[in-house]
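First the structure, in the form of C-alpha cells, and then the observations on it.
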Amino acid sequence: MLLAHKIELRTTATQGEYFRRCCGVGRFVFNQLVAKLKSGEKYNRKAFQKFCSTLRQATPWMREVSSRAVYEAADNFHAAVTNFFRSCKKDVGKKWKPPIFKKRGRNDNCRFSHSTQFTTNGRSLRVGGLNEQIRMRERIRFEGKVKSVTIKPYCGKWYASFLVEMEEKPKPDLTQKPSAGIDFGLKSLAVLSNGEVIENPKPLKRSLKKLKRRQRQVSRRYVKGAKQQSRRYTKVVAAVARIHKKVADQRSAAQHKFTSDVVKRFSRITIEDLNVSGMLKNRWLSRAISDASWCSLRWMLEYKAKMAGVELVVADRWFASSKMCSGCGHKVEKLSLSQRKFHCLECNLSLDRDLNAAVNLDRYKTTSGPIRTRRKTDRVGLCKTTSVAEPFEPVNINPTRKNEGRYQLHL
Ligand SMILES: [Zn+2]
Numbered sequence: 001m002l003l004a005h006k007i008e009l010r011t012t013a014t015q016g017e018y019f020r021r022c023c024g025v026g027r028f029v030f031n032q033l034v035a036k037l038k039s040g041e042k043y044n045r046k047a048f049q050k051f052c053s054t055l056r057q058a059t060p061w062m063r064e065v066s067s068r069a070v071y072e073a074a075d076n077f078h079a080a081v082t083n084f085f086r087s088c089k090k091d092v093g094k095k096w097k098p099p100i101f102k103k104r105g106r107n108d109n110c111r112f113s114h115s116t117q118f119t120t121n122g123r124s125l126r127v128g129g130l131n132e133q134i135r136m137r138e139r140i141r142f143e144g145k146v147k148s149v150t151i152k153p154y155c156g157k158w159y160a161s162f163l164v165e166m167e168e169k170p171k172p173d174l175t176q177k178p179s180a181g182i183d184f185g186l187k188s189l190a191v192l193s194n195g196e197v198i199e200n201p202k203p204l205k206r207s208l209k210k211l212k213r214r215q216r217q218v219s220r221r222y223v224k225g226a227k228q229q230s231r232r233y234t235k236v237v238a239a240v241a242r243i244h245k246k247v248a249d250q251r252s253a254a255q256h257k258f259t260s261d262v263v264k265r266f267s268r269i270t271i272e273d274l275n276v277s278g279m280l281k282n283r284w285l286s287r288a289i290s291d292a293s294w295c296s297l298r299w300m301l302e303y304k305a306k307m308a309g310v311e312l313v314v315a316d317r318w319f320a321s322s323k324m325c326s327g328c329g330h331k332v333e334k335l336s337l338s339q340r341k342f343h344c345l346e347c348n349l350s351l352d353r354d355l356n357a358a359v360n361l362d363r364y365k366t367t368s369g370p371i372r373t374r375r376k377t378d379r380v381g382l383c384k385t386t387s388v389a390e391p392f393e394p395v396n397i398n399p400t401r402k403n404e405g406r407y408q409l410h411l
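Residue numbers (the numbering used here): 1 to 411.
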C-alpha cells in the first residue's frame, strides 16, 4: 500500500531558492510541451523527451538545477496526455481534459522519484543538485521504502510529501472487539452506535468572521489592470492563505484523531454511502457539509481500516438508516432534518435521531459483494511508438491563445 506523508521542511534561504528554481524549470518545460502539443504536433514520448533534453542543453539557467526537474515535468506531461487520449478513445471512466499551461504560484511542485536523486534518514532530506541536508519538522512515521518525494510550497513554507510503500503486517486478532455503526452528521461530526458523540469542531465557521474581513481587504486593495499588485495586497493575500491553512489543519487534526481511534477499538465499522456531491447542491447546507468534510472522513477510514485489518462496510445508498426504527424495524414516511428525536409510532421507542441511524448501520448486513472503494487513478504505461527525434526548436507561448490548436490522437 502506498501512503504519502507530508512534512514541513525547515529550509534555509538558499534551499528555498533552489526549490523555487526547480519548480520554475518544471513549469517552463511543461508549458513548452503543452505549447508543442497545441501547435498541432503529433505526440510521441521519445521525441518530446528528446526535445526536453535539447531544451535543457540550450538554456543555461535550466542546468542550474537537477536534471530531474526537467524529466519529472516530461513524465507528468506524458501522464496527462496519455490519460486524455485514453479517455477520448473509451466511453467509460473519468473524462480527462487535455493538459493546460501552468501558472506560477499555482500547482508549483518538484518531484524526485529516482532513488539516486534523494536520500533521507527519516529526519533530514538530501535532494539532487543541492549538496546540503534539509531539516524536517518531524520524522517519517510510516515504515517502509520511500518511493519518491514531492516538494511544494504552501503558505510561505516548503513541504515534502514522502510516498512510502508500506510493508504488509500480520493482521491482529480482532474477534474480541465489538462492531460499530457510524452516522456522520453536521451538528456532531459523528455518532457511534454505542452512544458516543464526536464533537464537530466546525473550524471554518469559527474562522469565518476573520476570513470575511480579510477577504474584504483583499478586494479593496486589488487594483484592476495593474501589472503588479501592491505590497499591502500581497500581505493580506498571505493572511487569507494562513486562515485557510489553519482551518484545514484543524479539520484534518480532528478527523485523524477520530478515525485513528475508531479503527483501534472496533473490528467492524459500518458507515453510510453519502451522496456528498449531491448534498452540496443544497445551498443552505453546503458550507456546513464542506466544513464537516465527510469525503475525507470516509477516505481516512478506508485506508486506516485496511491497515489495521478492520472490516469497513459501506451501507447501500438507499438503506434507510435514519427513517427506520432501530427497535422494531418500522419505517417512517417522512423525517425532516429539524426533527432531532426519532419517535416510533409502532413500538413507542424514542431516541436521538443520529443514534438511531448509527444503531441501524451497525446491524446492516451486506447483501452484495465487496465494498465500493475509490477508484485508483489509472496508471499510464509506456508509449510504444518510435520516431526520430526532432531538432531543437523553442516554442513561443502566447497565453492569450487559449484552447487553440488541434490535438492529434497518436498512441
Ligand atoms: Zn419501533
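Every residue, glycine too, gets a C-beta built ideally from N, C-alpha and C.
Look at residue i and residue j and say whether their C-beta atoms are less than 8 Å apart.
i      : j      : result
Ile198 : Phe266 : no
Leu297 : Ile269 : no
Val29  : Leu55  : yes
Pro203 : Arg242 : no
Asn360 : Ser326 : yes
Glu272 : Tyr159 : no
Gln133 : Ser124 : yes
Ala74  : Phe48  : yes
Ala288 : Leu186 : yes
Pro201 : Ala254 : yes
Ser148 : Arg111 : yes
Comparing the CB of residue i with every heavy atom of ligand 1, is any distance shorter than 7 Å?
i      : result
Gly122 : no
Leu355 : no
His330 : yes
Cys325 : yes
Leu351 : no
Glu346 : yes
For residue i, does the count of other Cβ atoms within 10 angstroms reach 16, so buried, or fall short, so exposed?
i      : result
His256 : exposed
Ser387 : Bear in mind that the predicted position of Ser387 carries a pLDDT of just 32, short of 50, making it too unreliable to give a figure here.
Val223 : exposed
His330 : exposed
Ala320 : exposed
Ala35  : buried
Pro99  : buried
Asn356 : buried
Ser115 : exposed
Gly26  : buried
Asp249 : exposed
Thr175 : exposed
Take residue i and list the residues in its own chain whose beta-carbon comes closer than 8 Å to its own, dropping the five residues that flank it on each side.
i      : result
Tyr303 : Met1, Leu3
Leu351 : Ser326, Lys341, Phe342
Gly309 : Lys171, Pro172, Leu174
Leu280 : Ser286, Ile289, Ser290
I'd like the list of long-range same chain contacts for residue i, defined as Cβ closer than 7 Å, with 5 residues on each side in sequence excluded.
i      : result
Arg106 : none
Leu192 : Ala180, Ile182, Ala358
Lys157 : Glu8
Asp316 : Asp273
Gly93  : Ser87
Apart from the five residues just before and just after residue i, which ones in its own chain have a Cβ nearer than 6 Å to its Cβ?
i      : result
Arg135 : Arg10, Ser124
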